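Student: Once you've had a glance at the structure underneath, I'll fire off some questions.
2 protein chains.
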Amino acid sequence: MTLEDLLSDFPRRDWETVSEPDERVRFALVGLGWFTTEMVVPALRDSDRCEIGALVSGSSDKAARLRDETGATRALSYEEFHEGAGSEEYDAVYVATPNATHLEFVETAADLGKAVLCEKPMEVSVTRAERLVAACDEAGVPLMIGYRMHTNPAVRRMRELVREGFVGEPALVEGSMCQNVFEQISPDPNQWRLDADLAGGSALIDLGIYPLNTARFVLDANPVSAQGTTRSPHEHFGEVDQHVSFEVAFDNGVTAACVASQYAQMGSSFSVTGTEGRLTLSPAFFGEAGLTAERGETEVAFSVTPVDEEREEFDYFADRLLAGRDPEPDGNHGLVDMRAVEAIYESAETGERVAVER
Amino acid sequence: MTLEDLLSDFPRRDWETVSEPDERVRFALVGLGWFTTEMVVPALRDSDRCEIGALVSGSSDKAARLRDETGATRALSYEEFHEGAGSEEYDAVYVATPNATHLEFVETAADLGKAVLCEKPMEVSVTRAERLVAACDEAGVPLMIGYRMHTNPAVRRMRELVREGFVGEPALVEGSMCQNVFEQISPDPNQWRLDADLAGGSALIDLGIYPLNTARFVLDANPVSAQGTTRSPHEHFGEVDQHVSFEVAFDNGVTAACVASQYAQMGSSFSVTGTEGRLTLSPAFFGEAGLTAERGETEVAFSVTPVDEEREEFDYFADRLLAGRDPEPDGNHGLVDMRAVEAIYESAETGERVAVER
Numbered sequence: 003m004t005l006e007d008l009l010s011d012f013p014r015r016d017w018e019t020v021s022e023p024d025e026r027v028r029f030a031l032v033g034l035g036w037f038t039t040e041m042v043v044p045a046l047r048d049s050d051r052c053e054i055g056a057l058v059s060g061s062s063d064k065a066a067r068l069r070d071e072t073g074a075t076r077a078l079s080y081e082e083f084h085e086g087a088g089s090e091e092y093d094a095v096y097v098a099t100p101n102a103t104h105l106e107f108v109e110t111a112a113d114l115g116k117a118v119l120c121e122k123p124m125e126v127s128v129t130r131a132e133r134l135v136a137a138c139d140e141a142g143v144p145l146m147i148g149y150r151m152h153t154n155p156a157v158r159r160m161r162e163l164v165r166e167g168f169v170g171e172p173a174l175v176e177g178s179m180c181q182n183v184f185e186q187i188s189p190d191p192n193q194w195r196l197d198a199d200l201a202g203g204s205a206l207i208d209l210g211i212y213p214l215n216t217a218r219f220v221l222d223a224n225p226v227s228a229q230g231t232t233r234s235p236h237e238h239f240g241e242v243d244q245h246v247s248f249e250v251a252f253d254n255g256v257t258a259a260c261v262a263s264q265y266a267q268m269g270s271s272f273s274v275t276g277t278e279g280r281l282t283l284s285p286a287f288f289g290e291a292g293l294t295a296e297r298g299e300t301e302v303a304f305s306v307t308p309v310d311e312e313r314e315e316f317d318y319f320a321d322r323l324l325a326g327r328d329p330e331p332d333g334n335h336g337l338v339d340m341r342a343v344e345a346i347y348e349s350a351e352t353g354e355r356v357a358v359e360r
Numbered sequence: 003m004t005l006e007d008l009l010s011d012f013p014r015r016d017w018e019t020v021s022e023p024d025e026r027v028r029f030a031l032v033g034l035g036w037f038t039t040e041m042v043v044p045a046l047r048d049s050d051r052c053e054i055g056a057l058v059s060g061s062s063d064k065a066a067r068l069r070d071e072t073g074a075t076r077a078l079s080y081e082e083f084h085e086g087a088g089s090e091e092y093d094a095v096y097v098a099t100p101n102a103t104h105l106e107f108v109e110t111a112a113d114l115g116k117a118v119l120c121e122k123p124m125e126v127s128v129t130r131a132e133r134l135v136a137a138c139d140e141a142g143v144p145l146m147i148g149y150r151m152h153t154n155p156a157v158r159r160m161r162e163l164v165r166e167g168f169v170g171e172p173a174l175v176e177g178s179m180c181q182n183v184f185e186q187i188s189p190d191p192n193q194w195r196l197d198a199d200l201a202g203g204s205a206l207i208d209l210g211i212y213p214l215n216t217a218r219f220v221l222d223a224n225p226v227s228a229q230g231t232t233r234s235p236h237e238h239f240g241e242v243d244q245h246v247s248f249e250v251a252f253d254n255g256v257t258a259a260c261v262a263s264q265y266a267q268m269g270s271s272f273s274v275t276g277t278e279g280r281l282t283l284s285p286a287f288f289g290e291a292g293l294t295a296e297r298g299e300t301e302v303a304f305s306v307t308p309v310d311e312e313r314e315e316f317d318y319f320a321d322r323l324l325a326g327r328d329p330e331p332d333g334n335h336g337l338v339d340m341r342a343v344e345a346i347y348e349s350a351e352t353g354e355r356v357a358v359e360r
């Protein structure tokens with residue numbers, strides 16, 4: 003890629019197939035936690051290809067209040083959603099409930115014949131994630147997993163540069179994602195993200211999955227084995243991993259060393275080092291991404307205007323539906339992360355490197 | 003530490019006990035490779051507490067030429083050194099020969115009653131490193147291992163900040179050190195650094211040891227177990243590890259995820275993330291070190307005038323000898339790294355987490 007090409011339209015939507023859509027995809031948003039209300043709702047209000055058809059929550063008050071604020075057609079309880087109430091008001095379902103409940107909402111969406119955009123991690127276990135994929139397959143509805151990095155322009159430019167050989171042969175990945183869940187998400191010590199049954203884990207399955215999945219996306223590679231260590235010194239992390247460090251070997255030979263924490267100083271970074279160069283995202287996973295490119299003794303840092311990552315993700319998903327094409331990353335892609343996450347948790351228990359099944 | 007204290011004398015030699023030495027420590031420099039000639043000799047010429055007593059090389063020409071250039075008293079062959087020739091001209095011996103030959107030169111130095119400064123890695127195996135320590139112990143001579151990070155002001159300030167709780171509870175370490183050995187060291191495909199017998203390994207034992215040892219120093223902690231993966235796709239790395247990624251658990255609970263490469267884009271970084279903050283050295287291990295401190299949403303970057311790392315290391319060593327005190331990091335400190343390195347190489351073979359013996 004020439005420098006001019008890189009700079010002239012850095013945030014370009016190279017995925018776009020429908021440039022001037024004459025209809026919008028209407029979403030049911032299921033689960034109105036902070037991410038949906040603070041990140042997704044504003045993104046959809048700005049979008050010219052998505053709109054909010056229904057708001058679905060365990061709290062009728064919350065759904066009704068948000069319906070009034072957003073002008074959405076319907077506010078639904080979880081029960082009403084499962085009964086198919088108001089399903090003529092939406093074309094697709096976005097699932098952002100606690101991890102352990104993704105399956106039931108995706109099954110209902112599939113039964114209703116709706117396309118599904120399911121948040122990461124897909125579910126709390128490989129078994130349940132497989133059932134989730136099967137439900138969509140059997141119903142013949144598209145399923146996309148909400149890895150917002152895939153439509154982040156900095157990540158896409160990084161991927162293109164890796165593909166065209168900018169770093170030479172990719173060799174090593176470093177990645178991290180840390181936050182203070184009590185400050186960034188909620189001060190509640192009983193929040194579902196700290197509940198093993200509802201979340202399936204914490205630092206790794208919620209945050210470590212970002213560098214893991216980004217490595218797969220940027221390298222076009224899949225994990226073959228993994229090992230890791232988890233630790234939970236804080237009293238509110240009795241059941242789940244507060245900190246994790248892990249190492250993954252990919253099918254192209256690259257290995258990755260990563261850390262993640264659910265309660266530590268916030269920060270994220272991601273780099274690919276090759277025989278001839280290095281590409282670094284810093285910050286990487288918190289909405290804005292800075293891209294640095296090194297080769298030999300020279301380094302350039304791209305100063306990039308941040309995009310709305312949720313709008314990019316939803317617009318991409320809508321673009322695929324409007325074009326009648328399958329969206330990616332799909333359910334089978336997500337399953338690979340679930341298998342890697344289970345392998346790392348198993349390794350943390352046994353002390354052994356664990357193969358990631360294909 | 004107040005900001006004023008930090009800034010007013012960032013590069014201070016807080017280790018100094020002899021401020022105006024009235025004598026100098028005279029060194030025999032054993033092994034006149036690029037590091038000795040390009041890094042150590044200039045440092046000693048600038049020093050006011052060290053001087054070059056003898057130059058010892060397998061090549062008489064090289065030793066004689068460097069003697070003439072530096073004004074050193076003696077040029078010695080390895081054989082002459084082992085015979086004790088000219089040993090009245092030096093007080094201490096710096097050993098920077100290929101790793102597998104450290105033992106023989108340290109044994110001679112110990113027999114001659116000379117203090118020893120031995121380059122890292124100490125040797126090619128735990129067994130030989132133990133013999134090296136025993137030789138110095140039995141002769142009653144001081145032994146220091148050449149970990150230049152210990153006297154790098156940025157590393158020392160980082161350590162002080164960690165100790166006083168700047169990052170809260172330390173949780174995760176990330177570290178990397180990569181170079182292109184053919185560009186940075188020598189284009190020779192037969193150089194000793196790529197020879198398993200002479201080097202004992204490559205990416206890990208030569209480079210990965212930097213983040214490993216710096217973690218120990220900054221955290222005041224020792225490794226309890228480790229795991230890793232090595233890989234050598236390049237034809238000149240048939241015997242030794244070109245790339246390594248590894249993960250280490252320390253006795254204070256902190257875990258580290260690190261990468262190193264002997265043939266990849268040059269670069270180094272080191273960070274400690276805690277519950278309340280993060281400290282990052284970037285670059286970390288190539289002579290200059292930048293220190294960044296984050297806490298909450300605020301970050302400060304210290305712009306530090308680089309010191310001559312070799313001069314700091316040799317002046318510290320000389321200071322300890324002149325004061326009659328034992329220098330650190332000593333041989334037993336170095337042995338812990340050798341055990342961790344062997345554990346990681348074993349893990350790369352077996353796929354299992356390996357305990358680091360104490």
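Chains as they are written, first to last, in our numbering: chain A, 3 to 360; chain B, 3 to 360.
All C-beta atoms, glycine included, are put in the ideal place defined by N, C-alpha and C.
No experiment lies behind these values; they were computed from the predicted model shown.
What are the start and end residues of each continuous alpha helix (DSSP H) run of 4 or more residues lying completely inside the segment 203-257 of chain A, in chain order?
Tutor: Listed in chain order, the complete alpha helix (DSSP H) runs (minimum 4 residues) inside the segment 203-257 of chain A are 211-221.
Student: For chain A, is any of its Cβ atoms less than 8 Å away from the one on V43(B)?
Tutor: Position 41 of the second sequence holds residue 43(B). Not an interface residue.
Student: So for P100(A), helix, strand or coil by DSSP?
Tutor: Here the question's residue 100(A) lines up with position 98 in the first sequence. P100(A): coil per DSSP, three-state reduction.
Student: At what residues does the beta strand (DSSP E) containing M146(A) begin and finish?
Tutor: Locating residue 146(A) in the first sequence gives position 144, counting from the first residue. Run containing M146(A): 145-147, per the beta strand (DSSP E) assignment.
Student: If you compare alpha carbons, which of R313(B), G292(B), R297(B) is closest to A303(B)?
Tutor: Reading the second sequence from its first residue, position 301 is the one you call residue 303(B). Taking only the C-alpha atoms, the option nearest A303(B) is G292(B).
Student: For a contact defined as C-beta to C-beta under 9 Å, what are the partners of R15(B) on chain A?
Tutor: Within the second sequence, numbered from 1, the residue matching residue 15(B) stands at position 13. Going along chain A, no residue has its Cβ under 9 Å from R15(B), so there is no contact; the nearest lies around 30 Å.
Student: Tell me whether R360(B) is buried or exposed, calling it buried when 16 or more other Cβ atoms sit within 10 Å of its Cβ.
Tutor: Looking up residue 360(B) in the second sequence gives position 358. Exposed.
Student: Could you name the residues of chain B that G167(A) contacts, counting a contact when the two beta carbons are closer than 8 Å?
Tutor: Taking the first sequence and counting its residues from 1, the one referred to as residue 167(A) is at position 165. The premise fails here: G167(A) is roughly 13 Å from chain B at the closest Cβ pair, so nothing lies under 8 Å.
Student: Assuming Q310(B) and A94(B) make a contact with CB atoms under 8 Å, what is their CB distance in whole Å?
Tutor: By one-based count along the second sequence, residue 310(B) stands at place 308. By one-based count along the second sequence, residue 94(B) stands at place 92. The sequence given here places Asp at residue 310(B); Gln does not occur at that position. Not quite, the Cβ-Cβ distance comes to about 19 Å (not below 8 Å), so this is no contact.
Student: By Cβ distance below 6 Å, which residues in the same chain neighbour S247(B) in space, the five residues on each side in sequence not counted?
Tutor: Numbered from its first residue, the second sequence carries residue 247(B) at position 245. Excluding sequence neighbours, S247(B) sits near T231, V261.
Student: State the CB to CB distance for the pair G269(B) and C180(B), rounded to an integer number of angstroms; the pair is presumed to be in contact (CB under 8 Å).
Tutor: Position 267 of the second sequence, counting from 1, holds the residue named residue 269(B). Position 178 of the second sequence, counting from 1, holds the residue named residue 180(B). Between C180(B) and G269(B) the Cβ distance is about 5 Å, and since that is below 8 Å, they are a contact.
Student: Would you check if there are 3 or more beta carbon pairs closer than 8 Å linking the segment 136-146 of chain A to the segment 329-342 of chain A?
Tutor: Verdict: yes, contact present.
Student: In chain order, what residues of the same chain have a beta carbon less than 6 Å from the beta carbon of G276(A), not counting five sequence neighbours either side?
Tutor: Here the question's residue 276(A) lines up with position 274 in the first sequence. So the qualifying residues of the chain are V169, G170, E171, P172, A173.
Student: Give me the Cβ distance between D208(B) and P123(B), rounded to the nearest whole Å; I'm assuming they're in contact under 8 Å.
Tutor: If you number the second sequence from 1, residue 208(B) lands on position 206. If you number the second sequence from 1, residue 123(B) lands on position 121. About 7 Å separates the two Cβ atoms, so the contact holds.
Student: Are the Cβ atoms of G88(B) and A111(B) separated by less than 8 Å?
Tutor: The sequence position of residue 88(B) within the second sequence is 86, counting from 1. The sequence position of residue 111(B) within the second sequence is 109, counting from 1. Cβ atoms of G88(B) and A111(B): not closer than 8 Å.
Student: Quick one: using the 10 Å Cβ neighbour count with 16 as the cut-off for buried, is N254(B) buried or exposed?
Tutor: For the purposes of this step, residue 254(B) is taken as the residue at position 252 of the second sequence. Exposed, since its Cβ has fewer than 16 Cβ neighbours within 10 Å.
Student: Looking at the secondary structure, which residues open and close the beta strand (DSSP E) in which E22(A) lies?
Tutor: Here residue 22(A) corresponds to residue number 20 of the first sequence, with the count starting at 1. Run containing E22(A): none; DSSP gives neither H nor E here.
Student: Look at I211(B) and D339(B) and say whether their C-beta atoms are less than 8 Å apart.
Tutor: Along the second sequence, one-based indexing puts residue 211(B) at 209. Along the second sequence, one-based indexing puts residue 339(B) at 337. In this structure, D339(B) lies closer than 8 Å to I211(B) by Cβ.
Student: Applying the criterion that 16 or more other CB atoms from any shown protein chain within 10 Å of the CB defines a buried residue, is M3(A) buried or exposed?
Tutor: Taking the first residue of the first sequence as position 1, residue 3(A) is located at position 1. With fewer than 16 other Cβ atoms within 10 Å, it is exposed.
Student: With a CB to CB cut of under 8 Å and the five nearest residues on each side skipped, what residues in its chain are close to D48(B)?
Tutor: Translated into positions along the second sequence, residue 48(B) becomes position 46. The residues are D310, R313.
Student: Could you tell me the distance, in whole angstroms, from the CA atom of Q186(A) to the CA atom of A345(B)?
Tutor: Locating residue 186(A) in the first sequence gives position 184, where the first residue counts as 1. Locating residue 345(B) in the second sequence gives position 343, where the first residue counts as 1. In a straight line, the C-alpha of Q186(A) is about 38 Å away from that of A345(B).
Student: Mind listing the chain B neighbours of S247(A)? Cutoff is C-beta to C-beta under 7 Å, in chain order.
Tutor: Taking the first sequence and counting its residues from 1, one reaches residue 247(A) at position 245. Within 7 Å Cβ-Cβ: L174, E249, T257, A258, A259.
Student: Using a Cβ-Cβ distance under 8 Å, would P235(B) count as near chain A?
Tutor: Translated into the one-based positions of the second sequence, residue 235(B) becomes position 233. So yes, P235(B) belongs to the interface.
Student: For the alpha helix (DSSP H) containing T352(B), name the first residue and the last one.
Tutor: Position 350 of the second sequence, counting from 1, holds the residue named residue 352(B). Unbroken alpha helix (DSSP H) run through T352(B): 333-352.
Student: Say whether the segment 226-244 of chain B touches the segment 195-207 of chain B, bearing in mind that this needs 3 or more beta-carbon pairs closer than 8 Å, one atom from each stretch.
Tutor: Counting Cβ pairs under 8 Å, three or more are found: they touch.
Student: Any beta-carbon of chain B closer than 8 Å to the one on G279(A)?
Tutor: Here the question's residue 279(A) lines up with position 277 in the first sequence. For G279(A), the answer is yes, since a Cβ of chain B falls inside 8 Å of its Cβ.
Student: Measuring CA to CA, which of R69(A), Q267(A), V118(A), L281(A) is closest to A205(A)?
Tutor: Residue mapping note: residue 205(A) aligns to position 203 of the first sequence, counting from 1. Ranking the options by Cα distance to A205(A), first place goes to Q267(A).
Student: Strictly by DSSP, which residues pair up with I54(A)?
Tutor: For the purposes of this step, residue 54(A) is identified with residue 52 of the first sequence, where counting begins at 1. DSSP, once it has assigned bridges, lists F29(A) as partnering I54(A).
Student: How about E325(A) and V20(A): do their beta carbons lie closer than 8 Å?
Tutor: Working through the first sequence from its first residue, we reach residue 325(A) at position 323. Working through the first sequence from its first residue, we reach residue 20(A) at position 18. What sits at residue 325(A) in the sequence shown is Ala, not Glu. In contact: A325(A) and V20(A) (Cβ atoms closer than 8 Å).
Student: Less than 7 Å between C-beta atoms, sequence neighbours within five positions excluded: which residues of the same chain meet that for V183(A)?
Tutor: What you label residue 183(A) is simply residue 181 of the first sequence in a count that begins at 1. Excluding residues within five positions, the ones whose Cβ falls inside 7 Å are R195, Q264, Y265.
Student: Is it right to say D70(B) is buried, meaning 16 or more other beta carbons lie within 10 angstroms of its own, or is it exposed?
Tutor: The count along the second sequence starts at 1 and reaches residue 70(B) at position 68. D70(B) should be labelled exposed.
Student: How about T216(B) and M151(B): do their beta carbons lie closer than 8 Å?
Tutor: The residue labelled residue 216(B) in the question sits at position 214 within the second sequence. The residue labelled residue 151(B) in the question sits at position 149 within the second sequence. Contact flag set, yes.
Student: Could you name the residues that DSSP lists as bridge partners for M179(B)?
Tutor: Residue 179(B) sits at position 177 when you count from the first residue of the second sequence. M179(B) is bridged to A262(B), S270(B).
Student: Could you name each continuous beta strand (DSSP E) segment of 3 residues or more that falls completely within the segment 301-333 of chain A, going from the start of the chain to the end?
Tutor: Segments of the beta strand (DSSP E) lying fully in the segment 301-333 of chain A: there are none.
Student: I need the DSSP call for S10(A), collapsed to helix, strand or coil.
Tutor: Indexing the first sequence from 1 puts residue 10(A) at position 8. Of the three classes helix, strand and coil, the one that applies to S10(A) here is helix, per DSSP.
Student: Can you tell me whether S305(B) is buried or exposed, with buried defined as 16 or more other CB within 10 angstroms of its CB?
Tutor: Locating residue 305(B) in the second sequence gives position 303, where the first residue counts as 1. So S305(B) ends up on the exposed side.
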